[in-house]
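Chemist: Sharing a structure here in structure tokens format.
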Amino acid sequence: MLKIILPTIMLLPTALLSPPKFLWTNTTMYSLLIAALSLQWLIPTYYPYKFLSDWTGIDQISSPLLVLSCWLLPLMIMASQNHLQQEPLPRKRTFISTLIMVQPFILLAFSTTELALFYIAFEATLIPTLILITRWGSQPERLSAGTYLLFYTLVSSLPLLITIMHLYVKIGTLHLPTLELTHPTLSTSWTSILSGLALLMAFMVKAPLYGLHLWLPKAHVEAPIAGSMLLAALLLKLGGYGIMRVTLLMGPLSNLLHYPFLTLALWGALMTSSICLRQTDLKSLIAYSSVSHMGLVIAAGMIQTHWSFSGAMILMISHGLTSSMLFCLANTNYERTHSRILLLTRGLQPLLPLMATWWLLANLTNMALPPTTNLMAELTIMITLFNWSALTIILTGIATLLTASYTLFMLLVTQRGSIPSHITSIQNSTTREHLLMTLHIIPMFLLILKPELISGAPL
């Protein structure tokens, strides 16, 4: 574990001391090396925990997410190159350092075996993200977006801290493997229901559940491209991961807790998909689509069967890569037309034909076309939901239909139609952008060949 965390921390001096000419090259190559090293975590094993140290351990649920977070750091650095070109050197260094600072905290949050350390890392990821949004966002509204993000997360996660303390007093340990061995106290008292609610609430806001999702579109729209990728691909996954970890500890939950979350998650998938059909802002559309996908993850996490956990894991990984790629594509459009409004950036296919190919691929993976891992995940989750209650097929079916329609809507509006008259000349797409899209899509195509790497099922 340390052989990844220490090099990640040493990326900081690399970013701060590299000569100006090699700043981007050094940080990108170094982080790609770390990403390549982290692939060893995917090696299957018979033990429940691999690489177990005193305070970290990697099991089937956390290893795919850890590899995903290592993989996305070089991609975020590559995506940010263009909009930082005009900035003075110290600012570039600060930006890259802020990106790098999130990384050890995310790695800690995904790999820790101690609930208290998990809480600290979970909260610490908030600070660099906040700096990214409020300092490097593109519009004055970024301050209100930062406030939304901060207060939503803090208000929901303070009860989590109190419940963690309560658990510690009651059980005497916060070590996750030990907690899984202790017998859950079967009580339907108000205290256990409320502590269950407090444990879940922080992750529901982070994931985000429909109804608690208002900070997400704001934060996404205002964040720079690296901030958007970080939020969509990694920070939302902290929510889903937390739900999967915490539900195992709480023992059999009362229906009082299950039903509202399940209904909200499925209804939210439907609602946010229909909101997407009426969006004018490209980044906002992609942000709302994240809410609907994560709704399925929450629903699967609430059911707590092997199938649903495995579906939720696959969906989290594939959604991380897909939505990150969509944000990169939206950013390439934004850098050329300086607008996120769909009406002003339409008809770009004849101008950027190769980019249109990437748009097509990203949109097809987003609407879960076979043979993508997204399809496998959504089918798994729908089958578990149907097994739990046959009525859910109505909601999930409509949500799938709406997902397909808004994805096609996004593809048609951005790529087809007449070119708006104000676009007279446009830059060509660069090799850097094509490499960025390739590095997003190759893992997605390779994972379907061996999906058990990310399915979270013990091999």
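When you line the sequence shown up against our numbering, it's residues 7 to 465, in that order.
Note that CB positions come from ideal geometry on N, CA and C, so glycine has one too.
#1: Using the C-alpha atoms, what's the distance from threonine 379 back to proline 457?
#2: Span of the alpha helix (DSSP H) holding proline 134?
#3: Do glycine 317 and threonine 386 have their beta-carbon atoms positioned less than 8 Å apart in this structure?
#4: Measure the C-alpha to C-alpha separation of glycine 246 and alanine 383 and round it to an integer number of angstroms.
#5: If we count Cβ pairs, one from each stretch, closer than 8 Å, do we get three or more for the segment 26-40 versus the segment 446-454?
#6: Do you know offhand how far methionine 277's Cα is from leucine 366's?
#7: Quick check on the burial criterion: 16 or more other C-beta atoms within 10 angstroms. Buried or exposed for tryptophan 196?
#8: Please name the residue in Gln92, Thr62, Ala463, Ala225 whose C-alpha comes closest to that of leucine 180.
#9: Tell me the DSSP secondary structure of isoleucine 170 in three-state form.
#10: Tell me whether leucine 465 is buried or exposed, calling it buried when 16 or more other Cβ atoms sit within 10 Å of its Cβ.
#11: According to DSSP, is isoleucine 15 part of a helix, a strand, or is it coil?
#12: Serine 461 lies in the alpha helix (DSSP H); which residues open and close that run?
#13: For alanine 21, which of helix, strand or coil comes out of DSSP?
#14: Measuring alpha carbon to alpha carbon, tell me which of Ala130, Ser198, Met171 ends up nearest proline 110.
#15: Mind the definition here: the segment 412-422 touches the segment 304-323 only if three or more C-beta pairs lie below 8 Å; say whether that holds.
#16: Pop quiz: isoleucine 106 and alanine 21 are said to be a contact at Cβ under 8 Å. What is the actual Cβ separation, rounded to whole angstroms?
#17: Excluding sequence positions up to five away, which residues of its chain have a Cβ less than 7 Å from the Cβ of leucine 270?
#18: Taking Cβ positions, are glycine 301 and lysine 243 nearer each other than 8 Å?
#19: Of the choices Leu138, Ile139, Val108, Arg141, whose alpha-carbon is the least far from that of isoleucine 126?
#20: Is the segment 17-34 close to the segment 141-148, with three or more CB pairs under 8 Å?
#21: Between serine 103 and the rest of its own chain, which residues show a CB-CB distance below 8 Å, the 5 nearest in sequence each way excluded?
#22: Between leucine 72 and the rest of its own chain, which residues show a CB-CB distance below 7 Å, the 5 nearest in sequence each way excluded?
#23: Taking isoleucine 177 and threonine 188 to be in contact with their CB atoms under 8 Å, please state how far apart those CB atoms are, rounded to whole angstroms.
#24: If I'm right that leucine 155 touches isoleucine 139 with Cβ under 8 Å, what's the distance once you round it to whole angstroms?
#25: Residues bridged to aspartate 287 by DSSP?
Modeler: Looking at the atomic coordinates:
#1: In the sequence shown, counting from the first residue as 1, residue 457 sits at position 451. In the sequence shown, counting from the first residue as 1, residue 379 sits at position 373. Whole-angstrom Cα-Cα distance: 7 Å.
#2: The residue given as residue 134 occupies position 128 in the sequence shown. 132-142 is the extent of the alpha helix (DSSP H) around proline 134.
#3: Against the sequence shown, residue 386 aligns to sequence position 380. Against the sequence shown, residue 317 aligns to sequence position 311. Yes. Within cutoff.
#4: Here the question's residue 246 lines up with position 240 in the sequence shown. Here the question's residue 383 lines up with position 377 in the sequence shown. Going by the C-alpha atoms only, they are around 14 Å apart.
#5: no
#6: Position 271 of the sequence shown, counting from 1, holds the residue named residue 277. Position 360 of the sequence shown, counting from 1, holds the residue named residue 366. Looking at the two C-alpha atoms, the distance is approximately 24 Å.
#7: The count along the sequence shown starts at 1 and reaches residue 196 at position 190. Tryptophan 196 is exposed by the Cβ-count criterion.
#8: Reading the sequence shown from its first residue, position 174 is the one you call residue 180. For leucine 180, the closest alpha carbon among the candidates Gln92, Thr62, Ala463, Ala225 is that of Thr62.
#9: Counting from one through the sequence shown, the residue named residue 170 turns up at place 164. The answer is helix: DSSP assigns isoleucine 170 an H, G or I state.
#10: As a working mapping, residue 465 is identified with position 459 in the sequence shown. Summary for leucine 465: the model assigns pLDDT 45, below 50, so the residue's position carries little reliability, and this model does not support an answer.
#11: The residue given as residue 15 occupies position 9 in the sequence shown. Helix, per DSSP.
#12: Residue 461 sits at position 455 when you count from the first residue of the sequence shown. No alpha helix (DSSP H) holds serine 461; DSSP gives it neither H nor E.
#13: As a first step, residue 21 must be located in the sequence shown, where it is residue number 15. DSSP places alanine 21 in helix when its eight states are reduced to three.
#14: To locate residue 110, count along the sequence shown from 1; it is residue 104. When each option's Cα is compared against that of proline 110, the closest is Ala130.
#15: no
#16: Start at 1 with the first residue of the sequence shown, and residue 106 comes out as number 100. Start at 1 with the first residue of the sequence shown, and residue 21 comes out as number 15. Correct: roughly 6 Å between the Cβ atoms.
#17: Stepping through the sequence shown from its first residue, residue 270 is reached at position 264. Around leucine 270: Leu215, Tyr216, Gly217.
#18: The residue labelled residue 301 in the question sits at position 295 within the sequence shown. The residue labelled residue 243 in the question sits at position 237 within the sequence shown. Their beta carbons are not under 8 Å apart, which means glycine 301 does not touch lysine 243 by this criterion.
#19: Within the sequence shown, residue 126 is the residue found at index 120, counting from 1. Selected option, being the one with the closest Cα: Val108.
#20: Too few Cβ pairs lie closer than 8 Å, so no.
#21: As a position in the sequence shown, residue 103 is number 97, starting the count at 1. Excluding residues within five positions, the ones whose Cβ falls inside 8 Å are Leu18, Ala21, Leu22.
#22: Locating residue 72 in the sequence shown gives position 66, where the first residue counts as 1. If we look at leucine 72 and ignore the five residues flanking it on each side, its Cβ neighbours are Ser44, Trp47, Ile64, Leu113, Phe116, Ser117.
#23: By one-based count along the sequence shown, residue 177 stands at place 171. By one-based count along the sequence shown, residue 188 stands at place 182. With 8 Å as the limit, isoleucine 177 and threonine 188 qualify as a contact, their Cβ atoms being about 6 Å apart.
#24: Position 149 of the sequence shown, counting from 1, holds the residue named residue 155. Position 133 of the sequence shown, counting from 1, holds the residue named residue 139. Right, their Cβ atoms sit about 7 Å apart.
#25: The residue given as residue 287 occupies position 281 in the sequence shown. BP columns for aspartate 287 point to Ile347.
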